[in-house]
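Step one of this worksheet: look at the structure below.
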Amino acid sequence: MNTLKGNNIRLRALEPEDLQFLFDTENDESFWEVSHTQTPFSKFLLKQYLENAHLDIFEAKQLRLIIEEQNTHQPIGMIDLFDFNAQHKRAGIGILIQKVHQQKGFASEALGLLIQYCFTHLGLHQLYANITSDNKKSSSLFAKHQFKVIGTKKDWIFSNNTFKDEILYQLIHE
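Residue 66 in my numbering sits at position 65 of the sequence shown, with consecutive numbering throughout.
Structure below.
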């Protein structure tokens with residue numbers, strides 16, 4: 002599918018071979034704040050998740066794609082559609098890139114591909130992202146792709162013994 006293929010990365014469906022990558026990523030505590038996780042995931046649970054990953058987005062109301070570097074064919078991150086609502090033609094987006102692969106343009110390329118896919122193939126009217134006010138990298142990424150700040154949820158996220166505001170970003174397809 003050319004829609005999900007960029008210059009340096011491609012977005013692809015989950016495969017059974019992604020079990021170790023998912024296990025390592027989901028259990029990296031440095032990502033838990035953005036994934037709203039508080040407990041580790043077992044390989045057994047992630048294997049079950051992979052077995053159900055074939056469900057259509059219209060049925061599952063979510064879609065997780067692996068961000069794969071084209072040269073090495075190695076997974077470097079994930080990009081998710083969540084809270085998919087076909088009736089109102091909207092979905093939330095979450096993106097995660099392994100630390101060693103950050104600041105190389107992969108997240109921007111993946112986000113651009115997913116936006117195009119959502120508006121072209123899924124017929125969505127709008128996308129949104131929830132980003133903590135101290136996450137400057139993500140704020141900059143979504144702003145670069147024309148997402149607009151439409152609101153702030155005060156003291157929304159409790160992390161490291163402090164409350165953080167969460168900023169709501171929205172992109173409407175014109």
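C-beta: ideal position from N, C-alpha, C; glycine also.
Can you tell me which residues form a DSSP beta bridge with residue i?
i, result
"residue 76", "69"
"residue 59", "Answer by DSSP bridge pairing: none, since residue 59 is not bridged."
"residue 167", "133 and 154"
"residue 86", "91"
Along the chain, where does the beta strand (DSSP E) that runs through residue i open and close?
i, result
"residue 21", "Counting along the chain, residue 21 falls outside any beta strand (DSSP E), though it belongs to the alpha helix (DSSP H) covering 20-27."
"residue 43", "From DSSP, residue 43 is part of no beta strand (DSSP E); its letter is neither H nor E."
"residue 155", "149-160"
"residue 54", "Neither: residue 54 is in no beta strand (DSSP E) and is coded neither H nor E."
"residue 12", "10-14"
Once DSSP output is grouped into helix, strand and coil, what is the label at residue i?
i, result
"residue 3", "helix"
"residue 47", "helix"
"residue 142", "helix"
Residue j and residue i - do their beta-carbons sit closer together than 8 Å?
i, j, result
"residue 20", "residue 48", "yes"
"residue 8", "residue 110", "yes"
"residue 130", "residue 93", "yes"
"residue 58", "residue 64", "yes"
"residue 10", "residue 69", "yes"
Does residue i get closer than 8 Å to chain B when you measure Cβ to Cβ?
i, result
"residue 138", "Chain labels in this structure do not include chain B; a single protein chain is all it has."
Give, in chain order, every unbroken run of the alpha helix (DSSP H) that is at least 4 residues long and sits entirely within the stretch 100-129. As far as the stretch 100-129 is concerned, its whole alpha helix (DSSP H) runs of at least 4 residues are 107-121.
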